[in-house]
Amino acid sequence: MMRTRRIAVLTTAMLSAVTIGACHKKPAPQPAPVPAAQPAGPNADSARLAQEAAARQAAADAAARRRADSLAAANAANNGAASAASLRSALTATVHFEFDQSDLRADDKAILDAKVPILQANPGVAIRIGGHTDERGSDEYNLALGQRRAAAAKAYLVQHGIPAARIETISYGEERPVAQGADESAWAQNRRAEFEITAGGQTLRRP
Amino acid sequence: MSRFLGALSLAAAGVLAAMPVAAHAQDTTYRGIFLGGTYDPLRDKVGIAVLPVPGAFGDSVRAIIQRDLDFSDRFTVIPVDSADPAAINSPGAAGGLNYSIFARLAASAIVKITPVGNALHVALHDVSKAQVVNVHDFALPATGLSRDWRQAVHRTSDEIERWITGQAGIAATRVAYMRGQSIRVVDSDGASEITVPTEENGVSPSWNPSGTMLAYTTYGTDSRLIVIDLSTGRSRTVSGPSRNTIFITPVFTPDGTQLVYSRSGEDQADLYITGVSGGDAAHRLTPGRGAQNTNPTLSPDGRRIVYVSNVLGRPELYIMDADGTNAEVLTNYEDSEKNYRSDPDWAPDGRWIAYQERIKDRFQIRAIRAAGGTPKLFTSEGENEQPSWAPDARHLVFTSTRTGVRQLWVLDTESNRVRQLTKSGGSRLASWSPRLAAQQ
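For the record, the sequence lines run as chains A and B. Counting from 254, one number per residue, gives the positions in the first sequence under our numbering. Counting from 0, one number per residue, gives the positions in the second sequence under our numbering.
Below, the structure written as structure tokens:
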């Protein structure tokens, strides 16, 4: 996002510089008004008026261009932000598991597949995967199970070309449920691996 | 045939000769209570009366000791009406105890307590012999009802129990457990709870053999294996953090010098052993190979380890030598039944290993011998988990949802009597301390 915005600002600055340059250049071929040799009569006045009108027009054109440029920049920044947000949400999308399992389901793999190109396009990004379980099973055994779930998600990303050093795994076991309640709906939501961007998340490049 | 309920007579009685009680035969201060008929210390309760205690905290002393004796499940506390002290004394100038009245109330023993300075003077009367059989002064901290004062009263209860049965009670013990995200310690009778100042995300407290320290681990980022000194409240990291690794389920070795714990990485979870002081190299005990090995519990002699492994799919209990050799499955007693068994705790007398097993989608508490065989089933109401043995190898503290929320309960495995230990919901992961000496 920052990167996109910086490009936009830079573009605006360059365009402004060009515009300003044009302003100076355009009147140059015309004879500069010399007060000592100022011609008398209406011709001299028309020339001066025409010159002033041209200058006004040039200034108006420049202002219009600046406005158009800043609008474009704002839109670009906006689109960049939207794009960064969608990249971020793809990177941090949660995957879910079956009871006492750390195997990845087909829908999990699709979610992880979406992360791979983003991680590849942004080699400075590092992530942390936190494994979680539902409240069933042994409280302590679940701490190990959470670690296995995080590791399973990481292994998939590594198999698809992401360096292992960019992915940290931790476990919360059943200690941090997202859904309260003692039913399958709550349990299913709680059996998960969450993704957190720990470095390089400020500028996300589109794959 | 009548027997002395004492160490010597217990040792002489063939059935009970194998019990550790025999060690007390060398204790010359020990004098037991004479009981008529045949007495089975596991099934029969000794009738006991605790006389009203004079002094500022007398009522509290008496109430605590009566409750301790009751919670031991080895005594029937005979209520004596404190409003009429004349009724318990023999008429006449001597004014001694009227033993015949106590005999009619089915009391075999009478405890008479008199505060003397900063001590409790305790006299134990044998009803059938009509005489005092033991006396002792128990030191008492000056601050009545303080945490230390309560422990001193509990130690008095435990010694009275030892006088009578040959085995000390378990009143002067504590239970470490988790509630919310905190580790707490509570007295065996549910009083004097404190919160232990642990590092963030501390879990799985476990006592050292002298009851002066707890081992625990942290989860989430920077998981570590930690030991806290309860006298200073200071935590010290023994192992970790290590990237992509969670440390879980620590226990002390019976000599207190080492810790056995599970270290769960990305490929497997293995049991390790390392020195308590930290800085030592950790030695791996289980072979890994992709399996998850957790929850170690050591035999009292430190030579064997029971633990949880999913090497065959679901979590089962395994047993191996303490050096990691000769591992074999312990609870796979029905080959057809694939189940979920975990959270083992080896009894301090070495005979039974308590654990939890999923039965009809809920955990229940069971126990199995180290040699295998048919396990006992202790619970059925609600979900019951995380058993931890008391030092008497007879009582278990465990987590139960029988009242709707998780609470700690205490089970007497001989009589199946249960009592609720905690009063706040969400209590779990209990570890019963050893018997605690003074100044803890």
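Idealized CB from N, CA, C, for every residue including glycine.
Coarse secondary structure for residue i, derived from DSSP in three states
| i | result |
| --- | --- |
| A:PRO370 | helix |
| B:HIS153 | helix |
| B:PHE101 | helix |
| A:ASN332 | helix |
| B:GLN180 | coil |
| B:THR197 | coil |
| B:ASN415 | coil |
| B:ASP26 | Model confidence at B:ASP26 stands at a pLDDT of 37, short of 50, so the residue's coordinates are unreliable; what they give is reported in the following sentence. In this structure, B:ASP26 counts as coil in the three-state DSSP scheme. |
| B:GLU382 | coil |
| A:GLU449 | strand |
| A:LYS362 | helix |
| B:THR373 | strand |
| B:LEU410 | strand |
| A:ALA289 | Note on A:ALA289: pLDDT 49, under 50, position unreliable in the model; the coordinate value appears next. Correct three-state label for A:ALA289: coil. |
| B:ILE159 | helix |
| B:ILE77 | coil |
| B:LEU435 | coil |
| A:GLN314 | Residue identity differs from the one stated: residue 314 of chain A is Asp in this sequence, not Gln. If DSSP states are grouped into helix, strand and coil, A:ASP314 belongs with the helices. |
| A:ALA432 | coil |
| B:ARG42 | coil |
| A:LEU268 | Confidence at A:LEU268 is low in this model, with a pLDDT of 42, below 50, so the placement of that residue should be treated as unreliable; the coordinate-derived value is given next. Of the three classes helix, strand and coil, the one that applies to A:LEU268 here is helix, per DSSP. |
| A:ARG320 | helix |
Neighbour-count burial assignment, residue i, 16 or more Cβ in a 10 Å radius
| i | result |
| --- | --- |
| B:ALA22 | For B:ALA22, the predicted structure reports a pLDDT of 37, less than 50, and the residue's modelled location is therefore unreliable. The matter cannot be settled from this model. |
| B:ARG288 | exposed |
| B:LEU329 | buried |
| A:ALA406 | buried |
| B:ASP391 | buried |
| A:LEU410 | buried |
| B:PRO314 | buried |
| B:LEU311 | exposed |
| A:LYS368 | buried |
| A:PRO376 | exposed |
| B:ARG443 | With chain B running from 0 to 439 in the structure shown, residue 443 of chain B is simply not present. |
| A:LEU324 | exposed |
| A:VAL348 | buried |
| A:GLU351 | exposed |
| B:ALA370 | exposed |
| B:PRO343 | buried |
| B:GLY179 | exposed |
| A:ARG358 | exposed |
| A:ARG459 | exposed |
| A:GLN354 | exposed |
| A:GLN455 | exposed |
| A:ALA470 | With chain A running from 254 to 460 in the structure shown, residue 470 of chain A is simply not present. |
| A:ARG389 | buried |
Under 7 Å from the C-beta of residue i: neighbouring residues of chain B
| i | result |
| --- | --- |
| A:ARG445 | Neighbours of A:ARG445 on chain B: none; closest Cβ ~15 Å, over 7 Å. |
Listed by chain order, chain B residues near residue i by CB distance under 9 Å
| i | result |
| --- | --- |
| A:ASP392 | MET177, VAL202, SER203, ASP342, GLU384, GLN385, THR398, ARG427 and LEU428 |
| A:LYS407 | ASN243 and GLU265 |
| A:GLU437 | Residues of chain B passing the Cβ test: none, with the nearest at roughly 11 Å. |
Within chain A, partners of residue i - CB distance below 8 Å
| i | result |
| --- | --- |
| B:ILE245 | LEU396, ALA397, GLY399, GLN400, ILE423 and SER424 |
| B:SER444 | Coverage of chain B is limited to positions 0 through 439, which leaves residue 444 of chain B absent and any answer about it impossible. |
| B:ASN294 | SER391, GLU393 and TYR394 |
| B:GLN291 | TYR394, ALA397, LEU398 and ARG401 |
Run of the beta strand (DSSP E) containing residue i, from where it starts to where it stops
| i | result |
| --- | --- |
| B:ASP344 | 340 to 345 |
| A:LYS407 | No beta strand (DSSP E) holds A:LYS407; the alpha helix (DSSP H) holding it covers 392 to 412. |
| A:SER424 | 420 to 426 |
| B:GLU315 | 315 to 320 |
| B:LYS111 | 108 to 114 |
| B:ASP136 | 130 to 138 |
| B:SER399 | 394 to 399 |
| B:ILE87 | Taken as a continuous stretch (DSSP letters only), B:ILE87 belongs to no beta strand (DSSP E), as it is neither H nor E. |
| A:GLY384 | 379 to 385 |
| B:ALA353 | 351 to 358 |
| B:THR216 | 212 to 217 |
First through last residue of the alpha helix (DSSP H) which encompasses residue i
| i | result |
| --- | --- |
| B:ALA122 | Segment 118 to 125 is the beta strand (DSSP E) holding B:ALA122; no alpha helix (DSSP H) there. |
| A:GLU437 | 437 to 443 |
| B:ARG66 | 57 to 70 |
Neighbouring residues, chain A, relative to residue i (Cβ below 7 Å)
| i | result |
| --- | --- |
| B:ALA268 | ALA397 |
| B:VAL307 | TYR394 |
| B:THR236 | Residues of chain A passing the Cβ test: none, with the nearest at roughly 17 Å. |
Under 8 Å by beta carbon: chain B residues contacting residue i
| i | result |
| --- | --- |
| A:ALA404 | ASN243, GLY264, GLU265 and ASP266 |
Under 7 Å from the C-beta of residue i: neighbouring residues of chain D
| i | result |
| --- | --- |
| B:SER261 | Looking for chain D here will not work: the only protein chains present are A and B. |
Residue i: CB within 7 Å of a non-hydrogen atom of the ligand ZN
| i | result |
| --- | --- |
| B:ARG418 | In terms of ligand content, the structure shown is empty, and the ligand ZN therefore cannot be addressed. |
Worksheet item: Enumerated in chain order, which unbroken segments of the beta strand (DSSP E) with a length of 3 residues or greater are wholly contained in the segment 236 to 313 of chain B?
Response: 245 to 251, 257 to 263, 268 to 274, 292 to 297 and 303 to 308
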